[in-house]
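Below is one structure; the comments refer to it alone.
Protein chains in written order, with our numbering: chain A, 1 to 234; chain B, 1001 to 1234.
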């Protein structure tokens, strides 16, 4: 039924958003002594959204946006020492240990014996590659793609390079916006595994009519069994 | 003779280093009012080198390193307004127009009729893709690879994915370190086109014994004729 199964990485195979959540908390604490009256969280979000076109996704983008937001929100009163601590935080995030979700390795190892697997992740090229390497999961994936965005065009280009009909492609991920919607729109299949923490950017509404092409399982441990049952139905 | 010809992009097909040179000049002027006694240029270079392992190559890496160097060199006296102007500079560099080298399009168009062409460029994924798009040259390349570093392992992985023997591969670029040395070491061929401005990082000494596998031409305009003469000799 499926000739290729692709996985998202961040918040699908390993924890990621909680590093950003911690980062946002640290940012708020940093600004506490500056008597900032604007809504910090919202301002950071708007800055990140505005900067995606320059910086794309990832930790460097986050760090640069936090520095910009800190200058704006404090009307230039932020100390250079505090800006330096935002740089330090970025480096800590870039070198943080990979913490796999429970059952991630088992699920991926199990499925890699039955299907060719691909990893599709968006963000900083160097950092995403380093995380894949450090995760110990690289050996299970035939292809690893780091992309600048997960749009329909991105998935179309990947599938076309592999001469693969979307009808034979399944994507597994936590993000309705990046992993599910573009794939089912293309005529592919998707399994949504909601993460406890997901970035608000990754939310999406799925239009009616597409629901029959996507499924939801609660965690990675359920995935092999679910695909088995799907295969038995087909 | 060659089954694939690959081009570097920055400072091979279009101007790039001069944006960084301008950036370094602007940084020096910015620090002029802070009574900095250290060697600014050297400190920036050391900061960039130290940070490659975190940030990789590209404008975001450069901007983050300049902010860090500014804080260090001024012992924290840099104003947040001046840090903001470094952020602005980064965004200007990320959106600067592409200025092709003379003869670049003609050379690439001409060769694309005879060989499959590939573009191999290192840096920020989103920015490098945007530059390729904006250059108008994308249509001449069968493959475009944005890589985090141009090591022997990188070239080996690319060639192995294409099932291509290095003996049939030619790389064209301005950087001895990134475009020439790793390729000839692998058993491939290379054409060096020195750029007027190249980043000091990109210099390298070629060990003896490898010279017969690499050639030098003065500019892109000479490349098609040179390859023609090489083919006639073979």
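Yeah, the Cβ is synthetic: ideal placement off N, Cα and C, and Gly gets one too.
Residues of the region 1063 to 1074 of chain B with a C-beta less than 7 Å from any C-beta of chain A: 1063, 1064, 1067, 1068, 1071, listed in chain order. For the pair residue 1001 of chain B and residue 1142 of chain B, the CB atoms are not nearer than the 8 Å cut-off.
Bridge partners of residue 10 of chain A according to DSSP: A/14. Counting only Cβ-Cβ distances below 7 Å, residue 148 of chain A has contacts in chain B at 1125, 1126, 1129, in chain order.
Membership of residue 1191 of chain B in the beta strand (DSSP E) is indicated by the continuous run 1189 to 1192.
Proximity of residue 1054 of chain B to chain A, defined by a Cβ-Cβ separation below 8 Å, is satisfied. Pairwise C-beta distances place the region 1116 to 1127 of chain B out of contact with the region 1079 to 1091 of chain B, as fewer than three of them are shorter than 8 Å. Under the DSSP assignment, residue 1108 of chain B falls in the alpha helix (DSSP H) whose first and last residues are 1104 to 1112. Interface flag for residue 187 of chain A against chain B is unset, since no Cβ pair is found closer than 8 Å. In the three-state reduction of the DSSP assignment, residue 1173 of chain B falls in the strand class, which pools E and B. Close CB contacts of residue 1133 of chain B within its chain, under the 6 Å cut and outside five residues either way in sequence, are absent. Rounded to whole angstroms, the gap between the alpha carbons of residue 166 of chain A and residue 105 of chain A is 26 Å. Of the residues assessed, residue 1023 of chain B falls on the buried side of the cut-off, its CB having 16 or more other CB atoms within 10 angstroms.
Going by DSSP, residue 1216 of chain B is part of the beta strand (DSSP E) stretching over 1214 to 1216. Rounded to whole angstroms, residue 189 of chain A and residue 202 of chain A show a C-alpha spacing of 18 Å. Per the coordinates, the alpha-carbon of residue 41 of chain A lies some 14 Å from the alpha-carbon of residue 50 of chain A.
DSSP links residue 1143 of chain B through a beta bridge to B/1118. Close CB contacts of residue 38 of chain A within its chain, under the 7 Å cut and outside five residues either way in sequence, are with 73 (chain order). Here DSSP, grouped into helix, strand and coil, assigns residue 98 of chain A to coil. Contact holds between the region 5 to 18 of chain A and the region 172 to 188 of chain A, because three or more Cβ pairs, one in each stretch, are under 8 Å apart. The continuous alpha helix (DSSP H) containing residue 131 of chain A extends over residues 125 to 135. From the beta-carbon of residue 1049 of chain B, no residue of chain A is found nearer than 9 Å; the closest lies around 15 Å away. Take residue 1065 of chain B, set aside five residues on each side of it, and the residues of its chain with a beta-carbon closer than 6 Å to its own are 1047, 1048, 1051, in chain order.
According to DSSP, residue pairing for residue 181 of chain A in a beta bridge does not occur. The C-alpha of residue 81 of chain A is placed about 34 Å away from the C-alpha of residue 146 of chain A. Taking 8 Å as the upper bound on Cβ-Cβ separation, chain A lies near residues 1074, 1076, 1077, 1078, 1079, 1080, 1081, 1083, 1084, 1087, 1090, 1091, 1094, 1095 of the region 1073 to 1096 of chain B.
Contact between the region 123 to 140 of chain A and the region 1011 to 1027 of chain B is absent, with fewer than three C-beta pairs closer than 8 Å.
For residue 1118 of chain B, no chain A residue has a Cβ inside 7 Å of its Cβ, as the nearest lies near 13 Å away. In this structure, the beta-carbon distance from residue 1086 of chain B to residue 1107 of chain B does not fall below 8 Å. Judged by their CB atoms, residue 176 of chain A and residue 204 of chain A are nearer to each other than the 8 Å cut-off.
DSSP, reduced to helix, strand and coil, places residue 1186 of chain B outside both helices and strands of the structure shown, so it counts as coil. Collapsing the DSSP output to three states places residue 71 of chain A in a helix. Sequence-distant partners of residue 213 of chain A (beyond 5 residues in either direction) whose C-beta falls short of 6 Å from its own C-beta, in its chain, are 184, 189. Bounds of the alpha helix (DSSP H) holding residue 51 of chain A are 40 to 55.
Going by DSSP, residue 152 of chain A is part of the alpha helix (DSSP H) stretching over 152 to 161. Against chain A, the CB of residue 1171 of chain B has no partner CB under 8 Å away; the residue lies outside that interface.
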